[in-house]
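Colleague: Can you keep this structure in mind? I'll have questions shortly.
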Amino acid sequence: MFLGPCSGALHPLSLLVQAATLAVVLAPGALPPFLPCELQSRGLVNCDWLFLTSVPRFSAAAPRENITSLSLYSNRIRHLHDSDFVHLSSLRRLDLKWNCPPAGLSPMHFPCHMTIEPNTFLAVPTLEDLNLSYNGISAVPALPSSLVSLSLSRTNILVLDPGHLAGLHTLRYLFLDGNCYYKNPCRQALRVAPGALLGLRNLTHLSLKYNNLTAVPRRLPPSLEYLLLSYNHITTLAPADLADLTALRVLDVGGNCRRCDHARNPCRECPRGFPKLHPDTFSHLSRLEGLVLRDSSLHSLDPRWFRGLDNLLVLDLSENFLYDCITKTEAFHGLARLRRLNLSFNYHKKVSFAHLHLAPSFGSLLSLQELDMHGIFFRSLSETTLRPLVHLPALQRLHLQLNFINQAQLSLFGAFPGLRHVDLSDNRISGAAEPVAATGEADGPEQAWRLPRNTPQGPPGAPSSEDFMPSCRTLNFTLDLSRNNVVTIQPEMFAQLSRLQCLCLSHNSISQAVNGSQFVPLTGLRVLDLSHNKLDLYHGRSFTELPRLEALDLSYNSQPFSMRGVGHNLSFVAQLPALRYLSLAHNDIHSRVSQQLRSASLWALDFSGNALSQMWAEGDLYLRFFQGLSSLVHLDLSQNRLHTLLPRNLDNLPKSLQLLRLRDNYLAFFNWSSLALLPSLEALDLAGNQLKALSNGSLPNGTLLQRLDLSGNSIGFVVPGFFALAAQLRELNLSANALKTIEPSWFGSLAGALQVLDVTANPLHCACGAAFVDFLLEVQAAVPGLPSHVRCGSPGQLQGRSIFAQDLRLCLDEALSWDCFGLSLLAVALSLAVPVLHHLCGWDLWYCFHLCLAWLPRRGRRRGADALLYDAFVVFDKAQSSVADWVYNELRVQLEERRGRRALRLCLEERDWLPGRTLFENLWASVYSSRKTLFVLAHTDSVSGLLRASFLLAQQRLLEDRKDVVVLVMLRADARRSRYVRLRQRLCRQSVLFWPHQPRGQRSFWAQLGTALTRDNRHFYNRNFCRGPTTAE
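If you use mature numbering (1 follows the signal peptide of the UniProt record, and there is no 0), the sequence shown corresponds to residues -19 to -1, 1 to 1014, in order.
Structural data, given as structure tokens:
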């Protein structure tokens, strides 16, 4: 019995042959060596967040000997075997954090216990850094002697004995934080046996925070330099507790006797009379550089605590009760080398003071560089407040935010020649200081826990104004007055501050019309932040008193621009000779502004969050709005509600433009050839738009474009060669689109030059033999997250999984198997049916065969006689460029190229008319050689010329052949007013179509148009009015 060549497709031998054939045909490239993980720079293999349940076994072909770091952070590994890391002979750093968290730290509070076999880590003699934090382990595992850093934080280890860490002579860093606290509760405190760590002769860093310790562990290694004991319950400190720790450089004992009225987490009130610090507790720590006593319920400072601390550089006394002490303490006299002092949140409960006078001992801090006094709550800031600090030569940073200050004499900062940053944000300053009676009395209750309000953040990944505006960190003097109550700006506010270079007034309530006189004293100002206010830009000389101004942030001042009928003058930009950065973002600018921005110095402009679509809709009024910015390099037009971007809009942008952002608009079409109008453009951001295909042309030849971001669109199709001509393109972001494949033909020879090709978050179709797999393997160095973050969208069994979940180049093609099965089944059926039928009714079959053979030619001749050359003759007004562009780039592409085997043949005047014929001969031949005549109209009020002649010929054909061949496509909705259109809609509705301007309706439009062009109009006539024309027999 004959079975056919594919009859054995389901046999195992056939499966092997098929797999081998696929392997040869597809010529597979090299898979990423460390699947499912990703190889990063310097020997780091990243396996984070892959939901692994066991340590991956990398293939023998992978260069495992080059792995120096392995990160298995946040997986689901519950069991570590002796052989898990044997093959990693050069491993130095291993991160196993967050694999099996204790019940209290688990999001669902599920108990979990991690099992570690005895030789798991001993098999890695090169291991130096091991992180086992956030895992349910209750004992210290056996560890190699090569360890330098060990983290056992947030585990269930509650006992440390000398034998647990024996032999770790090279260990320098040991972290045991959070093994017994409110998030990781236990029945007992962490117990560190006396001398348990004494054998760690090289230990320099020890952290035992959040462990419910009631005393400092005894007999710690004398080599310790950093000892962190904060947030335990150690309420008493004596010299014996820190004996022999003479090498200490940093000591943190804060949070052991807490101030609970300012606590952000569960807190146990400090007992009355505690903490108890012996005067000589720190006297022998002569090398101490940092001391943290924060949140310790201190009411006073004993000068003897700091005796002998000649090298102290940082002192943290925040969140205590030192509001009275700081006005009279003598404790700072011996701290001549102190650089940073933190006194924040040392407020009196429910009280804000009218004044604050610092103690004279502050004047002895000759090396002080930074003083933090936010959250002390005093209402007036005057010269007497900071008088002891005036002569500190090194003072650079002063933090006074969140103090309820409503009167501030800002000119006092002019007496501090070395001051670089003053932070007065989150206060109640409303303007220039007024005389206040020095009563010294307490005010009414204030909420001590009031925190700064949060600034609304944009969507993840979206650029902010900070991307354009320069930072003030490098400037000599910055004053931050953000989040106050400033309503008007007066020049006297900034008297004696001529050296100020950066001023932040964001998030106030400034609503005045700036006229060029507000900032007169600030002759050296270079950066001015006025965002989140209500500024009125009416005067043409705004900010002209600032000749050195380089950066101006006017974003989020939308209220004046939303006032109907009020004009806004932006001509001041031309009068700022040094201005390089300007932000007008999120102001909803839409009308009644200056027709053109002019500046010869402006380098970056943020115009996002406005209504440029409405401005450009006003004819040519704002067409050249940006053209006067002759030196502009960066322009952000994101979130401007743009639905279209015509070539003339791009042509009127500055030719010097190098970066153009058009994120988060409504662009469904982009004329790529118009990029030639911006000869210097290097980066284009079109993320978050509504592009569905890259099919209209390609990137122009000769463009300097280096970065192109098309993420967050709905792109499902890319025409071959689209990116090929952009020879300078190096970074391409196609993530979060609707791509089902990645074709090498899109890039041509450019593929090898790409440095970044982001294709994550696309629904790739992972069929057997998918060509995109080989291509991505060829350029895998440029594809971020290829092993784990490039995932399948179909078929269902692979949805959401990595494209390497199975080797798509060698897997069995299920569709091919079914095809072979079907062919073999057909062959068997035919081999049985043909002899039987020949025997039973051979003569009848012979007669029917010859009868059909005689009938077929006649049917063929009839079809040949009635066949037409074209399915539709397209008539439109060539003088209307928008209509012609729609016909050639939308209609022609959809009907001739994207319908596959159902493609229609269109007759176009400029393409299909024969030269040498008269216009009427070509017109007559086009109408009578086409099944339908398609009229594309933008309006119906004046139809003449070729349109009128074509319509008359179509009507003549109706009279002669009794065939209605007219189909109307209206590109504008106002065409409904035509009486002929309304009559035709009533009689033959499906022959009148209107182009939808919403992208979601376009797919239905093309389906309706295809039906109208392929079916006879007589089927569309309304039977209630007429029967429609009938074809003459």
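Every residue gets a Cβ at the ideal spot worked out from N, C-alpha and C, and that includes glycine.
1. For R782, collect the residues of the same chain with a Cβ closer than 7 Å to its Cβ; drop the 5 residues on either side in sequence, then sort them by chain order.
2. Residue range of the alpha helix (DSSP H) that L968 falls in?
3. Suppose you measure from the CA of P369 to the CA of L347; what does that come to, to the nearest Å?
4. Under the DSSP definition of a beta bridge, which residues are partnered with L208?
5. Nearest to I696 by CA position, among S543, A732, L745, is which residue?
6. So A865 and V908 are supposed to be a Cβ contact under 8 Å. How far apart are they, rounded?
7. Using beta-carbon positions only, say whether H336 and T366 come within less than 8 Å of one another.
8. Rounding to the nearest angstrom, what Cα-Cα distance links C248 and R240 in this structure?
9. Inspect the beta-carbon positions of P37 and P17 and report whether they are closer than 8 Å.
10. For H615, write down the residues that DSSP places opposite it in a beta bridge.
11. Let me know the secondary structure DSSP gives N27 once reduced to three states.
12. Put L939 into one of helix, strand or coil per three-state DSSP.
13. Where are the beta strand (DSSP E) runs, 3 residues long or more, that stay fully inside the region 253 to 302, in chain order?
14. Starting from the N-terminal side, write out each stretch of the beta strand (DSSP E) that is 3 residues or longer and does not extend beyond the region 98 to 162.
15. Identify which residue in V371, F359, H372, A396 has its Cα closest to the Cα of Q388.
16. Note down the Cα distance separating L181 from S127, rounded to an integer number of angstroms.
17. Can you tell me the Cα-Cα spacing of V371 and F397, whole angstroms?
18. Which of helix, strand or coil does DSSP assign to F650?
19. Between the C-alpha atoms of D242 and S277, what's the straight-line distance to the nearest angstrom?
20. Check E422 in the structure and name its three-state DSSP category.
21. According to DSSP, which residues form a beta bridge with C248?
22. What whole-angstrom Cβ distance do E109 and V129 have, given they're in contact under 8 Å?
23. Distance, Cα to Cα, D222 vs H402?
24. Who are the Cβ neighbours of I307 in its own chain at under 7 Å, not counting the five residues just before and after it?
25. Starting from the C-beta of H150, find all residues in its chain whose C-beta is less than 7 Å away, skip the five residues before and the five after it, and write them out in chain order.
26. Hey, how far is the Cα of E724 from the Cα of C81?
27. Residues in its own chain within less than 8 Å of R880 by CB, not counting five upstream and five downstream?
28. Roughly how many whole angstroms lie between the Cα atoms of Q761 and V699?
29. Express the C-alpha separation of H280 and R253 in angstroms, rounding to a whole number.
30. Buried or exposed: Q736, going by 16 or more other Cβ atoms within 10 Å of its Cβ?
31. Specify the secondary structure class of Q471 as computed by DSSP and reduced to three states.
32. Flag this pair as yes or no: are the beta carbons of residue 1016 and L560 separated by less than 8 Å?
33. With DSSP collapsed to three states, give me the class of D534.
34. Determine whether the beta carbon atoms of P260 and D283 lie at a separation below 8 Å.
35. Return the CA-CA distance between L563 and T741, expressed in angstroms with no decimal places.
36. Which of the three DSSP states is assigned to Q620 in this structure?
Modeller: Reading from the atomic positions:
1. R772, C773
2. 960 to 968
3. 11 Å
4. L187, L232
5. L745
6. The pair is not a contact, with the Cβ atoms about 20 Å apart (cut-off 8 Å).
7. yes
8. 8 Å
9. yes
10. A585, L640
11. strand
12. helix
13. 271 to 273, 295 to 297
14. 110 to 112, 130 to 132, 154 to 156
15. F359
16. 12 Å
17. 6 Å
18. coil
19. 12 Å
20. Bear in mind that a pLDDT of 36 at E422, under 50, signals an unreliable position, so the number given afterwards is only what the model happens to contain. Coil at E422, not helix or strand.
21. C248 pairs with nothing; no bridge assigned.
22. 4 Å
23. 39 Å
24. L324, N327, L339, A340
25. S126, R182, N183
26. 41 Å
27. G991
28. 20 Å
29. 12 Å
30. exposed
31. coil
32. The requested residue 1016 does not occur in the structure, where the chain is confined to residues -19 to 1014.
33. strand
34. yes
35. 34 Å
36. coil
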